[in-house]
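Residues in the sequence shown are numbered consecutively from -3, following our numbering. All C-beta atoms, glycine included, are put in the ideal place defined by N, C-alpha and C.
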Amino acid sequence: MLNALNHVAIAVPDLAAAVAKYRDQLGARVSEPQDVPDHGVTVVFVDVGNTKIELLHPLGENSPIAKFLDKNPDGGVHHLCFEVDDVQSASDGLAGQGVRVLGGGAPKIGAHGKPVVFLHPKDFCATLIELEEA
Ligand code: CO
């Protein structure tokens, strides 16, 4: 079902500091910050060749990553995103196996303009999993 690792998302308390680390210390290509109001985050994409790192920073009042940063004030790995052919059928199949698909299993448009769903970390080795149609 999984075709590729699309990105690893890292929540960071200071976006400019995180960008400087990846760009200046590691020499990675980084995007401009992009606001994604539907997901309550500002994202910077870091191109590492075979996949991407997404640096996530809270945007707005009810950002889903605000609580994560409360618990992890220095930031940390927030989720892994895998590519699938058909996100709705992946969601339905996993829900049928008892996996909790967040948001009732209905895909939302993600940071790349493609449908995504998230799987409950308690059902995946304490790791939040995003599935993206790609
Ligand atoms: Co993501």
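Query	Result
The stretch 34 to 49 contacting the stretch 90 to 97, beta-carbon criterion three pairs below 8 angstroms	no
Euclidean distance between Cα positions of residue 185 and residue 21	Examination of residue 185 is not possible in this model, given that the chain is present from -3 through 130 alone.
Residues bridged to residue 113 (per DSSP)	127
Bridge-paired residues (DSSP) for residue 49	4, 42
Neighbour-count burial assignment, residue 50, 16 or more Cβ in a 10 Å radius	buried
Distance cut-off 6 angstroms: residue 126 Cβ against heavy atoms of the ligand CO	yes
Per-residue burial, residue 118 [other beta carbons within 10 Å of its own, 16 or more giving buried]	exposed
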